[in-house]
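Engineer: The sequence shown lines up with residues -3 to 167 when you count with my numbering.
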Amino acid sequence: MEENQREELIYVSKRPFWHYLIAFFFYFLLSFMFLEMVDLFYLGKVLYGLRFTLAVLVISICAAGLTFTKKVYTNTDLKTVRFNFTLFKIQLGKDIIFKDVKYVSVYKNYSDRDFEIKIWLSDTKKKTVSVHLNSEAAFKLAYCIAVGLDVNLLDATEKGNFKWIEKENLK
């Protein structure tokens, strides 16, 4: 039973250093803005305090967006994939788990000009799990998921010309 519960970490998002520099500035700014917000409420300027609260919320979301980490775990035996999002080792929400994955595909969305990674649970049921601006990043993550689950990868980047990338060619 313990052998079936073994998950493998296959992907950790990497951020460029400049993301952390901008986020550091935002977090530094947030400390002063929070103090100003408390002061505004203390002085009875509730409307200005509420406006400042909105600004603090927006900047904290921007800072968190620059520093959160995405981790992907797979279990080959059970064909499950789990997505985990953390911010400074603090979990953001529940893990997203997909069970009994049939195959993984990279799809080119021509209306948005981006690349979507889809996990297929059956022939008709699919879920988009990640969106990337370029094909290299999309195929890198899709390749990691397909190898981790030991399933096939479908290249659906060309309209009407889908290509299977077999398990044997992934390794």
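Just so it is clear, CB atoms sit at the ideal spot from N, CA and C, and this is done for glycine as well. Note that the structure is predicted; figures quoted are calculated from it, not measured.
1) Grab me the residues of L124's own chain with a C-beta within less than 6 Å of its C-beta, minus the 5 sequence neighbours each way, in chain order.
2) Counting contacts by CB-CB distance shorter than 9 Å, is F81 in contact with chain B?
3) Please report the residue range of the beta strand (DSSP E) in which V125 lies.
4) With a CB to CB cut of under 8 Å and the five nearest residues on each side skipped, what residues in its chain are close to M(-3)?
5) What are the residues that DSSP puts in a beta bridge with S101?
6) Should I92 go down as buried or exposed, given a rule of 16 or more other Cβ atoms within 10 Å for buried?
7) In the structure shown, what three-state DSSP assignment does F79 receive?
8) Okay, do the region 135 to 149 and the region 58 to 71 touch, 3+ Cβ pairs below 8 Å being the bar?
9) Between the alpha carbons of A133 and F79, how many angstroms are there, rounded?
10) Using only alpha-carbon positions, find the residue among W160, F135, F20 and S131 that is nearest to Y106.
11) Would you report the Cα separation of I172 and V34, rounded to the nearest angstrom?
12) Taking just the CA atoms, how far does A152 sit from V52?
13) I need the boundaries of the beta strand (DSSP E) containing K159, first residue and last residue.
14) Just the Cα atoms here: how many angstroms apart are F28 and F48?
Structural biologist: Put simply:
1) The sequence given here has Thr at residue 124, not Leu. Contacts found: E112 and K114.
2) Considering every chain present, this structure includes no chain B. It has just one protein chain.
3) Note, V125: beta strand (DSSP E), K122 to H128.
4) Bear in mind that the predicted position of M(-3) carries a pLDDT of just 39, short of 50, making it unreliable; the figure below should be weighed with that in mind. None.
5) K114 and L150.
6) The residue is exposed, with fewer than 16 neighbouring Cβ atoms inside 10 Å.
7) In the structure shown, F79 sits in a strand (DSSP, three-state: E or B).
8) Verdict: yes, contact present.
9) Straight-line spacing of the CA atoms in A133 and F79 works out to 17 Å.
10) Residue S131 is the option with its Cα nearest to Y106.
11) With the chain running from -3 to 167 in the structure shown, residue 172 is simply not present.
12) Between the alpha carbons of V52 and A152 lies a gap of roughly 42 Å.
13) If you look at K159, you'll find it in the beta strand (DSSP E) that goes K159 to I161.
14) Distance between the alpha carbons of F28 and F48: 11 Å.
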